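Working notes, beginning with the structure itself.
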Amino acid sequence: STPLEEEPGMPLTVLEKRWLKSLLLDPRIKLFDPDITGLADVEPLFTPDMIVYYDRYSNGDDYENPDYIRHFQMILQALQEKRSVQISFESRLHRRQQVVLTPYYLEYSEKDDRFRLIAAGFRRRLIINLSSISACQYSDRDEIFPLKEAPKSAVTFELEDRRNALDRVLLHFSHLEKETKRLDDRRYRVTLKYDPQDETEMVIRILAFGPVIRVTEPERFIDLLRKRIIKQTQITKESQERLNGAAIG
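In terms of my numbering, the sequence shown opens at residue 1 and continues consecutively.
If you want it as structure tokens, here you go:
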């Protein structure tokens, strides 16, 4: 018998092709420039407009923007080739910055519908939203900056497993280091470790789960939750007063 140098492949079924065509309609996948050979005339199983998201912000990244696509693909290539890039971006304080950095990985937030870059610059670690980048090019420098370990903060909360709350929490925070301990049939204690730069986002995300979560420590995080609730209550009250005033007028 003649030995096979390569394992023979089976042709894709119609169902598999329709599934792939559906995935390829997602604008996020197009960022990776996938090969769509042979799928031009295939009817997708579903289209993106058929999916309704109830827990996602509406101001996500613009995946159809040519500049965004170019920046994403250049950063991805630099990451794969272990090269540094020079980028211009707007910081969280709305300041324009230009830095040379080494990309290490890209993160995607399902809730925010955004990509962000984790990179190393000169003596610092950077987290940059892809949408804030206004210019990107390969660096002339050969220097590769080492990525420093991120400082970690932690929050601990007790969770009552109602309506699959445990599964939802673990999935929602799947990208974080965590420790989960069962307290009884329905209650669990969960400790999450996160980057301090993401603290405001952590407060918002934990509050989104409502009464199924009760934060127990640290006290500083509990105080942030209180302040956020007071602020949101005040905003809601003022909005209601404006609506009532408009109705009377």
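A virtual CB, placed ideally from N, CA and C, is assigned to each residue, including glycine.
Because the structure is a prediction, the values reported are computed rather than measured.
If I measure Cβ to Cβ from residue i and keep anything under 8 Å in the same chain, skipping five residues before and after, which residues do I get?
i	result
ASP250	The structure shown does not extend to residue 250, since the chain is modelled only from 1 through 249, so no value can be given for it.
ASP26	PRO48
ILE206	VAL155, PHE157, ILE213, VAL215 and LEU225
MET10	none
ARG141	SER84 and VAL100
Identify, in the order they occur along the chain, each residue of the same chain with its Cβ nearer than 6 Å to the Cβ of residue i, setting aside the five sequence neighbours on each side.
i	result
TRP19	LEU45
Name the DSSP bridge partner or partners of residue i?
i	result
SER153	TYR194
GLU177	LYS193
ASN65	In DSSP, ASN65 forms no bridge with anything.
GLU90	ARG96
TYR188	LEU159 and ARG182
ILE222	According to DSSP, which records beta bridges pairwise, ILE222 is partnered with nothing at all.
VAL52	The partner list for VAL52 (beta bridge, DSSP) is empty, contrary to what the question assumes.
VAL85	LEU101 and TYR138
Only counting the same chain, and skipping five residues up and downstream in sequence, which positions put a Cβ closer than 7 Å to that of residue i?
i	result
VAL203	LEU224, LEU225 and ARG228
ILE230	none
LEU23	ILE29
PHE221	VAL155 and VAL215
VAL42	LYS17, ARG18 and LYS21
ILE118	TYR104, TYR105, GLU107 and ILE127
GLU219	none
For residue i versus residue j, is the C-beta distance shorter than 7 Å?
i	j	result
SER88	GLN98	yes
ILE127	ARG116	yes
TYR138	VAL85	yes
LEU192	LYS181	no
ASP61	SER131	yes
GLU160	ARG187	yes
VAL212	ALA165	yes
LEU147	TYR194	no
ASP113	ARG56	yes
PRO196	SER153	yes
GLY121	PHE145	yes
CYS136	HIS94	no
Taking all protein chains shown into account, do 16 or more other C-beta atoms lie within 10 angstroms of the C-beta of residue i, making it buried, or fewer, making it exposed?
i	result
THR102	buried
ILE75	buried
LYS21	buried
LEU243	exposed
ARG125	buried
VAL52	exposed
VAL169	buried
LEU31	buried
At the 7 Å Cβ level, is residue i part of the contact set with chain B, yes or no?
i	result
LEU12	Chain labels in this structure do not include chain B; a single protein chain is all it has.
Between which two residues does the beta strand (DSSP E) carrying residue i extend?
i	result
PRO103	96-109
THR216	213-217
ARG125	124-129
ARG114	114-121
ILE133	133-138
Which stretch, first to last residue, makes up the alpha helix (DSSP H) that contains residue i?
i	result
ALA165	165-172
SER22	14-24
ILE29	27-30
ILE204	199-207
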